[in-house]
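First comes the structure, then the notes that go with it.
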Amino acid sequence: ENRLFVDQLVAQLNYTQQKALFHNKRYTVTFDQSRQEVRFNDRNLQLPETLYFNQTFIFDYLANGRVNQFRTVTLYTNEGPHVKIVFQLGSGKFVVQTE
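And the structure:
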């Protein structure tokens, strides 16, 4: 279940970045700690009960595909490895790490 969610999240992040480039428009992504969901302009992804994050992080994919903030978002699990998504400011790319 966790792997499926991470795969969906990665796909949606990539899609949103491509949309920003294609439409030459800013798109907001919100990792909402209070709702335990990731919000995009046109879709919300609810975290499964086995994952959670402990802080809200909001950033934009800019019209050039880059992000306006960089940070590491950690998806915690009650057991097993945590998943970190590391956003890189210069390129708008991100890396998924399992710890």
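Note that the UniProt record's numbering numbers the sequence shown so that position 25 is 25, with each residue one more than the last. Even for Gly, the Cβ is constructed at its ideal location relative to N, Cα and C.
With a cut-off of 8 Å on the beta carbons, I'd call residue i and residue j a contact; round off their distance for me.
i	j	result
Q97	F70	Their Cβ separation, rounded to whole angstroms, is 15 Å, which puts Q97 and F70 out of contact at 8 Å.
Q33	F5	Actually they are not in contact, since the Cβ atoms of Q33 and F5 sit about 16 Å apart, beyond 8 Å.
Y61	Y27	5 Å
Would you give the residue range spanned by the alpha helix (DSSP H) that residue i belongs to?
i	result
T16	N2 to H23
Taking only the alpha-carbon atoms, compute the straight-line gap between residue i and residue j and give it to the nearest angstrom.
i	j	result
G92	D7	18 Å
T30	V95	18 Å
Q46	V86	20 Å
Could you give the residue range of the beta strand (DSSP E) that holds residue i?
i	result
N44	N44 to Q46
L75	T72 to T77
K84	V83 to F87
F53	No beta strand (DSSP E) holds F53; DSSP gives it neither H nor E.
E37	E37 to R39
On a Cα-Cα basis, can you pick out the residue from the options that is closest to residue i?
i	options	result
F57	E49, K19, Q36 and F22	Q36
R66	K25, L45, V10 and E99	K25
R43	L21, T50 and Y15	Y15
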